[in-house]
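Residue numbers (our numbering), protein chains in the order written: chain A, 121 to 364; chain B, 347 to 639; chain C, 107 to 338; chain D, 28 to 462; chain E, 34 to 353.
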C-alpha cells in the first residue's frame, strides 16, 4: 500500500490460561483511515484493542506505532504517543463536571507542549466539546447527563487527547437511531484529523463508516477488506451464524 | 536452662499461643472469606468474651469449674448476639462496602471497648481455672490447664472443620463465599448467612477468650494484640483459607515463642509484622492460600 | 407461566431495561436475541432478583414476585443457568448439586432424573467442579438448576464456547425439558441454535422487547436477523 | 467556660507580648477592652484554692488512679473541714489523662489555662510525668507528682516539679539492696518492665547490689504490653539466689501465676516490688505460690500489730479495711503501698501554702520557695507513712521503706529501713533555675 | 462563573485565616492554647486528606509520618546543637523520605490491602520506636531541653514557650499548608488526583502515570503530616511513642471524615470539632473514646461525605 503504516502488529497473541483470546495476529493500519473491527462475541476484539492500548500485556508478538516498537510501553505512555482509547462501557468521571472530564484529557495532551497554562486547557476543552456538541453542558455534572451525552463526552475526552489513533470500543451501544446518525457524522469528522479504529456490532454503522473492515474470530483474523467484500464473504456469514 | 528442656517449654508455650490464635484468627478469616469484610472490631469480641466470662463466673459461687463451663457456653452466645445485632444495624446498611466497613468496625472497636470500660471498669480481673494441676517436669513445672486449652482448641477446630466441610450449614457458607449472587439464585438467604457468619466469627473469638482468661485475666484493652496477630495469621495463611489459617497460626505461635528468646520480643514483632506486610504486598494470596486448598 | 411486563432496571443512573415485557408458557422455549448490551442478561437477572427492578411486574403462575427477595424466587421453582456457568468452582460436583437440591428440598428422584440426563456427571461426583472441562461445567450448571426441580428455567448462552458435540448435548437436554412441560427462557447468540430449538423468539434492543414472533418467521425470512441484530 | 473569679495574670503577659511583637496594631485597642484587665482589678480571698488532680482514670494506670482519687478526696475533705488553706476552701478538679503522655500534657494545660488551678498533683506513670512536666514548667504551674520515678530527683525536669509525697525508685532500691544481699542471697536476677520506671530499677539495682558484695547475674526486660511471661522464665540462671521482680499493668497477675507454675516449690528466694501485685487480692488461688516471698512496700497493706494511730486514722479516712481492701467492697483491693503519697502531697501543699501566705497565683513563687524550704516531715496524721527528709534542691522526699513477707495470704513487715539507707548523693539543683 | 467562584473560594480561605488570626485577641487562655494544638493537628489531618480525600487512598498508618516528623525534629533538637529551625527541616525530610519508601511498597496494593499494609507499617514504626528505647526513651519519650525552646531566625528571636508566638507560628504553618494544598488541589495536579480517586484505570488511559501521581500525593501527604509532627514536638517540647499508635492514625481519619474528605477546610473543621467534643465529654465520662467510636459509625452510615462535603453537595457547590 502506498500510504504510511500507522500501526502494525506482528504475531500478537494473548492467552488466558488455555484460552487463546488473541492468537498470532498480524494487523496493519494506514494513517487517516477508518477501520472497523468486527466479529462475534468472544472473538477477541476487546482483548485485541486492549493489547494495542496497553491495558494488558501480550503473551507474544510485537506492536509498532509510528515506526516505533511500543510492545513494552506502559499504557499511559502510549496515550502520550497518540493512542487514545474510549471505553466499551461508558467510563467517564460521573462526579466531575463535563468541563473537568475533558480538561483532564486536554491537560494530558498539553504536556507535550511546554509552557501551556490553564487557558490553553480551557481552549482545548472548548474545541473538543464543540466538536461533539456538548459545549453548552460544560458546567453539568457528567453523571447526571443522559446516556447518549455521556457517550459523546467519552468521545470528546478521546478527542482532547489529540490522538493520532482513536480507538472507539462499541461507541453506538445504547444509542437511539437518531443519536447513531449524528454519531456517524461525528466519526467522519474526527477522521479528518485522526485515524479511527472502530469496534462495532451495529453493521449498518460499520458499513457506512469503515474504509476497511477486519473480522476477528476465535482470536484470529478471519477476513479483511472493504465493506462490500466483507458483506459477500461466506466465512464471515458462517461465523456469525454459529457454524464456524 | 539447657536447650532441650527450653525447646520443650517454648514449644508448649507456642502451642498454647497457636491454639488460641487459631480460634481467633479463624473467626476473622471466616468473616473475611464469606463476607469480604475486614473486621477491625474482632479483637474486641475477643475481649468481650473474656469480660463476659468473668461476669458469668463471678455469678456462680460454686466450684470454679461450674463458673468456667457456664462461661464457656454463655459468653460466646452473648458475644454472638452482640455481633449479630451490630451486623444487622451497621454492616448490612453499608452494603458490605469494603472500605466503609473497615471504618465502621473501627468505630465498633471503640464503642465496645469504651462501653466495657464504663461498665466493667479498667481493672484486669481473673477468672478461676476449672482446675489447677501443675505438671512437674524435671526442669520446670507446667500448668495442666494450659494443656487442656490446647486440647480444647484442637477439638473445637475439628468441630469447625466438620461443620464447614461436612454439613449443610458449611456447604451454604462455602457456596456464599465463592459466589454470593449464585448462592442467592439457589435460594440461599445470604443476608442471614452473613449475619450468622459474623456472629460465628465473633463467637470463635469469644471461645478463645474464655479458654485463655483463666491464664491471662480479662481487661478492657486486651483486644488489640490478638487483633494484630490474627491479621498477621490470616494474611500469611491466605485471606479466607481455613487450612492456611491453621498452619500460619502454628507457625506464628511456635516461632514467636522460640524467636523471642534469641531476639528481643519487640524485634521479633517488628520482623514478623514487616514480613507479613511484604507478603501482603508481593504475594497477596498468602503463603499457604489458594493453592494449598 | 412466567410473565414480565413493563420492567425497568437501573444500573447506577442509566437504565438498562426500559419497559421490558415478555411471557413464557409451559412447554415452550422462548429465545431472546439481541446485540451485546441490549438487555438480555439483565432481563434474566431481573427475573432472579439479582438486578434491582424499578417499575414493572414479574409474575410466576399469576403471582407477583418482583417484590420478593432474590433468595425466595428460586424456591418458587425458577432455575437459573447463568452466563459463564458460575459454578461454585471450589466445591465438588456433588456439592454443587446438593445446593440445587437444598433450594426446594427436592426429593432424591430429582437428582436421579437429572443425573440420568447427564451420565458424565455421575462419574465425576467427587471431582472439584472447577477442574471439569468446559462442556462438563455447562452440564453441571444446567444440572444444578434442574436439581431445584424448576417450573421455569432461565438459560443464558448455554452453548457459548462449547464444542459442537457438546452443543448438541445441551440442545437435546433443552428439548427434553421442554417436552417435560417446563417453561424455558433462553438467551442465545447462535442463530442456528435458536432456529433448531426455539418455539418463539424475541428481539431485544435498548432494554426493550422490539418484536416477538414464532421461529418459523425467522426461518422464512433470515433478513429479520440483520434488521434486528445487525448481523450479515 | 472561663472562670470569672480567678486572676489570669498570664493573659496580661500574653497581650503584652503580642504588642511587643507588633503583630497587630489593633491589639492595643483590643486588649484595653478585653475582659482580662477587668477581672484582674478585683482580687478576692473567699474564692476556693483550686487543685488540679491529674488522674489515671483509664489506661494501664487505672487501678492506681481510682484509689489515688479516693485518697485525694478524703484528704481534701479533711483540709476543708479544718478551714481550708489560708481560710480558703480547697476545690478539687479532676481530669483524666488516660495514662497517656499526650493527653497528660493537654490536661496540665487545661488545668493551667482553663480551670486556672493553683497547683496540679497526683500523676503516677512516668511517661505522663515526662510529657507533662515541661508544659507545667512553661505555664509556671506547680506540678507535684506521686510517681516514684527518678525523673524529678535526677534533675531532668524543672523547678515547678516536686515529689514530696513518695520516695523515688533509686532510694527504694538503695535501701533494700543491703537487706536482700544479707538475708536472701548474693546472686540476683532481675525481671523488669522494658519501660520508663523499669529502667530506674535496671540502672540502680546492679550498683547497689555490687556495693554489698553481691552480683546481678541476669537482667530480663519484658515489654510493657506483654501478656505472657513463661517464655522469659528459662532465662533465669539456675544459680540464681534471689529473683527480683517488678511488674506493672494488667498482666501482673499472669506474671506471678506463671512464675508459680514454672517453679512450683523449688524456687529461689523471691523479692518483688509491690507494684507487681498492687490492687490484686493476695488470696487469689493463683497467688498461693507467693507464700514465703518478700515485697517492698511503701506503706504496709495489711494493718500491722504495731499499727500507728495515724495509719488507723488514714485507713478509715480513705475507706480501707485492715486487709488493705475497700471497706465498701472487700474485693476491691487498694493500691495501699503507694497511695499514701497523694495524701501526704496534699498536706504538704497545705503546709507550704500556709507558710508562703499563699493568696493566689501571684504568690506562686513564694509557694515554690516555701516547698523548697521544707527540710523534714514529722510522722503524724499528715504523714502517716512515717517521718521523712525533704531535699529542697532536687525536690525529692526520702523516707522509710518496709520489707514484708507473704505468709498465709497476708503480708507482714519483717524489716523497716532507716531514712539514711535510702539516701544518696544529690547532684541536681532546681533552685538555680529561675522562677 | 468560574472566576466568580475562584474569588469566593479565595475569600473564604483568607477569611478563615483572618478569623483564626483575630480570635487570638479574644480567646480565653485555655482555648488559645487548645487552638494552637488543634491547628497543628489540623495540618496533620490536611496532609491525611491530601491522600484520602483527594486521591482516594485510605491509609490506617498515617501516624508513622507524623511520628517521623516528631522524632526527626525532636531527636535532632534533643541530641544535637543544630538548632530548632534545622531540626524542623530534618523532621520534614524524615517524613518525606519515609513516605517515599512506604509509598513505593504500599502503592503496589489497592483498597483493603492498602489499608492493612499501611496499618501494619504504622505498627512497625511504632514498635521500632519502642525497640530503640535507648535513644527514644520509648513510651516515656523525650522532653525537649531548654536550649531547644527558642531560636533566632533571620534576626527574629522566637520563644517557643511563649503562647502568643506559638499560636502565630502554628497559624503561619497552617496558612502555608492551606496555600500549598489549595494550589495543588485547585490546579491541574489536583484534577488528576481526583480523577484517580474516581476512576484510576480511566485516568491511566488518559495518559497519566497514575502510580507516580499517587506516589507524589502520598509523599506530599506524608510530608505535610511530618511537618505537623515536627512542629508539634518542637512547640510542645515533647516527643513520645503515643503519637505513633494506630489510634493516632485513626484520629486523622476521623477528623477528615467528620469535616468532609476531599474538602480543603474539612480537616480543619473536623479537628476543631472533634477536639472539643472529646475535651468536653472527657469532663463527664472516662469513656470519651466512645464518642470517637459513635462518631465513626454515624459518619460512615449517615454522612459519608462529612460536614463540608454534605454542605457542598446540598447547598454550596462551589466549596473547594
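In this text, a Cβ means the ideal position worked out from N, Cα and C, and glycines have one as well.
Residue 330 (chain E) belongs to the set of residues whose beta carbon lies under 7 Å from a beta carbon in chain B. Interface flag for residue 246 (chain A) against chain C is unset, since no Cβ pair is found closer than 7 Å. Under the 10 Å beta carbon count, residue 538 (chain B) is surrounded by fewer than 16 other beta carbons and is classified as exposed. Bounds of the beta strand (DSSP E) holding residue 332 (chain A) are 332-337. DSSP places residue 241 (chain C) inside the alpha helix (DSSP H), whose first and last residues are 240-252.
The closest CA to that of residue 304 (chain D), considering only D:292, D:282, D:294, D:293, is found on D:282.
Interface flag for residue 141 (chain C) against chain A is set, since a Cβ pair is found closer than 7 Å. Here residue 142 (chain E) carries a coil assignment [DSSP, helix/strand/coil].
Counting only unbroken stretches of 4 or more residues, the alpha helix (DSSP H) elements lying wholly within the region 40-113 of chain E are 62-82, 96-112, in sequence order. The three-state reading of DSSP puts residue 79 (chain D) in strand, counting E and B together. Exposed is the label assigned to residue 51 (chain E), since fewer than 16 other Cβ atoms lie within 10 Å of its Cβ.
Closest by C-alpha distance to residue 43 (chain E), out of E:212, E:94, E:84, is E:212.
Contact check for residue 221 (chain D) against residue 248 (chain D) passes: the beta carbons are separated by less than 7 Å. Secondary-structure assignment with DSSP links residue 307 (chain C) through a beta bridge to C:137, C:319. In the displayed model, residue 217 (chain D) falls within a strand according to three-state DSSP. By alpha-carbon distance to residue 228 (chain A), the top candidate from A:131, A:245, A:217, A:150 is A:245. Partner residues in the beta bridge of residue 190 (chain E), as assigned by DSSP, are E:185.
By the Cβ test, the region 176-187 of chain A is not in contact with the region 197-215 of chain E, since fewer than three Cβ pairs between them sit closer than 8 Å.
Sequence-distant Cβ neighbours of residue 400 (chain B) in its own chain, meaning closer than 6 Å and more than five residues away, are 471, 473, 564. Three or more beta-carbon pairs drawn from the region 546-565 of chain B and the region 388-397 of chain B are found closer than 8 Å, and the two stretches are therefore classed as touching. Counting only residues of its own chain and dropping the five nearest sequence neighbours on each side, residue 139 (chain D) has a CB closer than 6 Å to the CB of 166, 168. With its beta carbon at least 7 Å from every one in chain B, residue 296 (chain D) lies outside the interface.
Cβ proximity to chain B below 9 Å picks out 205, 206, 208, 209, 210 from the region 205-232 of chain C.
DSSP places residue 130 (chain A) in the uninterrupted beta strand (DSSP E) bounded by 125-136. Within the same chain, 579, 582, 583 come within 6 Å of residue 594 (chain B) by CB-CB distance, once the 5 residues on both sides are set aside. Identification of residues in the region 303-322 of chain E having a C-beta nearer than 7 Å to some C-beta of chain D yields 315, 319, given in sequence order. Between residue 157 (chain C) and residue 165 (chain C) the beta-carbon gap is near 17 Å, outside 8 Å, which marks them as no contact. The way I'd put it, the region 360-368 of chain D does touch the region 316-331 of chain D; three or more beta-carbon pairs between them come closer than 8 Å. Ranking B:406, B:382, B:408, B:427 by CA distance to the CA of residue 549 (chain B) puts B:427 first.
Residue-level contact by beta carbon fails for residue 263 (chain C) and chain B, as no gap is shorter than 7 Å. At a cut-off of 7 Å between beta carbons, residue 317 (chain D) makes no contact with chain B. A check of alpha carbon separations from residue 248 (chain E) across E:46, E:130, E:107 identifies E:130 as the nearest. Between residue 226 (chain E) and residue 63 (chain E), the gap from beta carbon to beta carbon reaches 7 Å or more.
Contacts with chain B at 7 Å (Cβ-Cβ) do not include residue 272 (chain C).
The C-beta distance from residue 322 (chain D) to residue 211 (chain D) rounds to 12 Å, too long to fall under 8 Å, and the pair is not in contact.
DSSP, read as helix, strand or coil, puts residue 148 (chain A) in strand.
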